[in-house]
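Visitor:
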Amino acid sequence: MTTGYILIAAILILGGVIATVGDRIGTRVGKARLSLFNLRPKNTAVLVTIFTGGLISASTLGILFAADEGLRKGVFELEDIQTDLRQKREQLKTAETQKSQVESELNQARIAQTKAQQDLQVINQSLQAANAKQRQTQAQLNRTISQQAQTQTQLQRTQDQLEQVVPQYQKAIAELQSVYNQRKELQAAVELLKTERQRLYAEAKKAIDEAKTAIQKRDRELANRQEAIEVRDQKIAQLDQLIQKRNVEVAAREQVIATRESRLKELEGQQEQLELEVARLEKYYQSYRDLRLGKLAIVRGQVLSAGVVRVTQPAAARQVVVKLLQQANRNANLELSEPGANLANVELLRVTQDRVEQLSKQIGDGQEYVVRIFSAGNYVRGEKQIEFFADTARNQLVFSGGAVLATTTADSKAMTSYQLQQRLEILISASQFRARNAGIVEDVQVEGTFLRFVSQLRQYNQPLEIKAIAAEDTYTAGPLRVRLVAIVNGQIIFST
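Be aware that the sequence shown starts at 0, since it is given in numbering that gives the first Met the number 0, and climbs by one per residue.
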């Protein structure tokens, strides 16, 4: 912050020094009637002024560029920064597209994994059904073996009965043959059951092997896909980190660009202010030159005409306004005419009907007004058109007689005659300033003899108080008559 204040102070001081030097040089060139590059003295003075203005601008820009590296880079490297920012944004868009593709592939892999798990569940259900069928076949085989054991027991019991009962031998032979046939049938059925069991066991084993192979294959595929998913997750994480890093860089770049843009706008505003100041100085310099050459005839704020009016009938207000404008036009012609030339009543004031109507409405209420026509600018002899503005104010009491306008102190022992005179002039200027603020445009008139009052001050060897008071009741129309009084301990010693 301190560096910025120092920089601004250095720019202002350097601009003032260069402007002062350029003014002095231009003044001396104008007085000496010098000529550069075979130019006329007037053009030479203009050239010196242009060179001085260019030197102010160049020194200002040089100080700014030397003091602020960010400003220098912002002015000369702005296009590179913007190009880099566009590239970073395109890379960010590409990274976001890749991220979307990777997320789409990850979703497809997850769908495939879900489908594989569903297929595995179907295979597990088929295996459970084969195991249930195998358990049923084993139960049937166990029942057949039990029947065979019962048959053998019955055969043994029959042989015992055959040994004991001869008459029943034939019948037993027949039953034995029948049982033997049943045995063969049962053995054939057992063989069929064993063959079926082996076939079912082989089929189940094959199905289990196929299921295990499919499961292992699915597991490998799932592992590969899981590895691919992990690799893609890592890539996505890396891309997210890269995107975050790029976002931080882009945000930092955008902040830097915003700072530089605000700085550029601030500099543009300062440049516009400097240009306006240069234009104002050129205008003042032109007025100063015209004044030095004796051509400036009317100054800004000069009263062209004034009057105290009271309009009782609204219809007469327009005639009063027109009369004041005509008087102002005559005074302007008188001021702008060349010495010795014939006075011509040219329409110099730019008068419109709207302005006349507006002034007429302001003074048409039957009260007493002070109407003054002022010059809106500085004009030299020979001008063909001038601008003006009008002021209307109630003609009322502003200062009563004896009202104190300004106060100061003086000591003839410690102050020289010149300092005493300067102190009194400052007192009168303060009174003039207060009168103008109150609406009185005319200059202050000092009552009595000013030099005699100064002589009395020099002769009085004690500190005293000096007051400027209104000599009489003063209205808005003026003029303000001032009386200077010297007071010691509340008593008036002498006055103008």
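We treat Cβ as the ideally placed atom computed from N, Cα and C, and that holds for glycine.
According to the Cβ coordinates, are V308 and I372 closer than 8 Å?
Guide: The residue labelled residue 308 in the question sits at position 309 within the sequence shown. The residue labelled residue 372 in the question sits at position 373 within the sequence shown. Cβ atoms of V308 and I372: not closer than 8 Å.
Visitor: Return yes when the Cβ of L419 is within less than 8 Å of the Cβ of V379, no when it is not.
Guide: Against the sequence shown, residue 379 aligns to sequence position 380. Against the sequence shown, residue 419 aligns to sequence position 420. Their beta carbons are not under 8 Å apart, which means V379 does not touch L419 by this criterion.
Visitor: Which residue from S430, D364, R219 puts its Cα closest to that of L404?
Guide: Here residue 404 corresponds to residue number 405 of the sequence shown, with the count starting at 1. Considering only alpha carbons, the answer is S430.
Visitor: Do R224 and G69 come within 8 Å of each other at the CB atom, strictly closer than that value?
Guide: As a working mapping, residue 69 is identified with position 70 in the sequence shown. As a working mapping, residue 224 is identified with position 225 in the sequence shown. No, the Cβ-Cβ distance between G69 and R224 is not below 8 Å.
Visitor: Please name the residue, chosen from P478, A467, Q461, that lies closest to S428 on a Cα-to-Cα basis.
Guide: Residue mapping note: residue 428 aligns to position 429 of the sequence shown, counting from 1. Of the listed residues, the one whose Cα sits closest to S428 is A467.
Visitor: Are V369 and A476 touching if we call contact CB-CB under 8 Å?
Guide: Stepping through the sequence shown from its first residue, residue 369 is reached at position 370. Stepping through the sequence shown from its first residue, residue 476 is reached at position 477. Yes, Cβ-Cβ distance for V369 and A476 is below 8 Å.
Visitor: Less than 8 Å between the beta carbons of L238 and Q86, yes or no?
Guide: Here the question's residue 238 lines up with position 239 in the sequence shown. Here the question's residue 86 lines up with position 87 in the sequence shown. No, the pair does not count as a contact, with Cβ atoms beyond the cut-off.
Visitor: Select from E174, A138, Q137, K30 the residue whose C-alpha is nearest the C-alpha of Q153.
Guide: Within the sequence shown, numbered from 1, the residue matching residue 153 stands at position 154. Comparing Cα-Cα distances from Q153 to each of E174, A138, Q137, K30, the minimum goes to E174.
Visitor: For Q490 and F449, I'd like the C-alpha separation in whole angstroms.
Guide: For the purposes of this step, residue 490 is taken as residue 491 along the sequence shown, with counting starting at 1. For the purposes of this step, residue 449 is taken as residue 450 along the sequence shown, with counting starting at 1. So the two alpha carbons sit approximately 20 Å from each other.
Visitor: Just checking, does the segment 57–66 make contact with the segment 38–46 on the three C-beta pairs under 8 Å criterion?
Guide: Counting Cβ pairs under 8 Å, fewer than three are found: no touch.
Visitor: May I have a chain-ordered list of the beta strand (DSSP E) segments no shorter than 3 residues that lie completely inside the segment 395–480?
Guide: Segments of the beta strand (DSSP E) lying fully in the segment 395–480: 396–398, 403–409, 463–469.
Visitor: Among the residues of its own chain, which have a CB less than 8 Å from the CB of Q137, if the five just before and after it don't count?
Guide: Counting from 1 along the sequence shown, the entry for residue 137 is found at position 138. Excluding positions up to five away in sequence, the list reads R196.
Visitor: Counting only the same chain and skipping the five closest in sequence on each side, list residues whose C-beta sits under 7 Å from that of L292.
Guide: Translated into the one-based positions of the sequence shown, residue 292 becomes position 293. With a pLDDT of only 46 at L292, under the threshold of 50, the placement of this residue in the model should not be trusted, and no figure is reported.
Visitor: For the 8 Å Cβ check, are there 3 or more pairs between the segment 345–364 and the segment 383–397?
Guide: These segments touch.
Visitor: I need the DSSP call for A227, collapsed to helix, strand or coil.
Guide: As a first step, residue 227 must be located in the sequence shown, where it is residue number 228. It is helical.
Visitor: Could you give the residue range of the beta strand (DSSP E) that holds A314?
Guide: Within the sequence shown, numbered from 1, the residue matching residue 314 stands at position 315. From DSSP, A314 is part of no beta strand (DSSP E) but of the alpha helix (DSSP H) over 313–335.
Visitor: What does the Cβ neighbour count give for V47, buried or exposed, with the cut at 16 atoms within 10 Å?
Guide: Taking the first residue of the sequence shown as 1, we reach residue 47 at position 48. So V47 ends up on the buried side.
Visitor: On the CB-based measure, 16 or more other CB atoms within 10 Å of its CB, does R88 come out buried or exposed?
Guide: Numbered from its first residue, the sequence shown carries residue 88 at position 89. Under this definition R88 is an exposed residue.
Visitor: May I ask which residues mark the beginning and end of the beta strand (DSSP E) holding D390?
Guide: Residue mapping note: residue 390 aligns to position 391 of the sequence shown, counting from 1. Run containing D390: 387–393, per the beta strand (DSSP E) assignment.
Visitor: What is the residue span of the alpha helix (DSSP H) that R309 lies within?
Guide: Position 310 of the sequence shown holds residue 309. R309 -> not in any alpha helix (DSSP H); beta strand (DSSP E) instead, spanning 302–309.
Visitor: Could you tell me which whole alpha helix (DSSP H) segments of length 4 or greater appear in the segment 33–73?
Guide: Whole alpha helix (DSSP H) segments, 4+ residues: 40–66.
Visitor: Let me check understanding here. Comparing Cα to Cα, which of D83, I439, L483, S399 lies closest to V496?
Guide: Only positions 0 to 495 of the chain appear in the structure, and residue 496 is not among them; the question remains open.
Visitor: Using a Cβ-Cβ cut-off of 8 Å (strictly less than) and excluding sequence neighbours within five positions of V249, which residues of its own chain qualify?
Guide: Walking along the sequence shown from the start, residue 249 turns up at place 250. So the qualifying residues of the chain are L84, K87, R88, L91.
Visitor: Could you work out which residue in Q458, Y474, A413, P462 is closest to V443 when comparing CA atoms only?
Guide: Locating residue 443 in the sequence shown gives position 444, where the first residue counts as 1. Out of Q458, Y474, A413, P462, Y474 has the C-alpha closest to the C-alpha of V443.
Visitor: What would DSSP say about V355, mapped onto helix, strand or coil?
Guide: Taking the sequence shown and counting its residues from 1, one reaches residue 355 at position 356. The answer is helix: DSSP assigns V355 an H, G or I state.
Visitor: Let me know if Q116 comes out buried or exposed under the rule of 16 or more other beta-carbons within 10 Å of its beta-carbon.
Guide: Numbered from 1 along the sequence shown, position 117 holds the residue referred to as residue 116. Label assigned to Q116: exposed.
Visitor: Does R27 come out as helix, strand or coil in the three-state DSSP assignment?
Guide: The sequence position of residue 27 within the sequence shown is 28, counting from 1. Helix.
Visitor: Just to check my reading of the structure: E356 and T406 have Cβ atoms closer than 8 Å, yes? What is that Cβ distance to the nearest angstrom?
Guide: As a first step, residue 356 is located in the sequence shown; it is residue number 357 there, counting from the start. As a first step, residue 406 is located in the sequence shown; it is residue number 407 there, counting from the start. 45 Å between Cβ atoms; not a contact.
Visitor: Could you give the distance in angstroms between the alpha-carbon of A257 and the alpha-carbon of A94?
Guide: Residue mapping note: residue 257 aligns to position 258 of the sequence shown, counting from 1. Residue mapping note: residue 94 aligns to position 95 of the sequence shown, counting from 1. Going by the C-alpha atoms only, they are around 25 Å apart.
Visitor: Can you round the beta-carbon distance between N330 and L295 to whole angstroms, since I take them to be within the 8 Å contact cut?
Guide: Locating residue 330 in the sequence shown gives position 331, where the first residue counts as 1. Locating residue 295 in the sequence shown gives position 296, where the first residue counts as 1. Going by Cβ atoms, the distance from N330 to L295 rounds to 16 Å, so no, they are not a contact pair.
Visitor: Among V255, A111, R217, V350, whose alpha-carbon lies nearest the alpha-carbon of Q72?
Guide: What you label residue 72 is simply residue 73 of the sequence shown in a count that begins at 1. A quick correction: the sequence has Lys, not Gln, at residue 72. Comparing Cα positions, the closest option is V255.
Visitor: Please list, in chain order, all residues of the same chain as Q120 whose beta carbon is under 7 Å from its beta carbon, the five residues on each side excluded.
Guide: For this step, residue 120 is matched to residue 121 along the sequence shown. Excluding positions up to five away in sequence, the list is empty.
Visitor: Answer yes or no: do L60 and I17 have a C-beta to C-beta separation smaller than 8 Å?
Guide: One-based indexing of the sequence shown puts residue 60 at position 61. One-based indexing of the sequence shown puts residue 17 at position 18. Taking 8 Å as the Cβ cut-off, L60 and I17 do not qualify as a contacting pair.
Visitor: Can you pull the DSSP bridge partners for A485?
Guide: In the sequence shown, the residue the question calls residue 485 occupies position 486. DSSP lists I465, F493 as partners of A485.
Visitor: DSSP beta-bridge partners for R262?
Guide: To locate residue 262, count along the sequence shown from 1; it is residue 263. In the DSSP output, where bridge partners are listed per residue, R262 has none listed.
Visitor: Specify the secondary structure class of R291 as computed by DSSP and reduced to three states.
Guide: Numbered from its first residue, the sequence shown carries residue 291 at position 292. Residue placement at R291 is poorly supported in this model, since its pLDDT is 45, which falls under 50; the coordinates still yield a value, given next. R291: helix per DSSP, three-state reduction.
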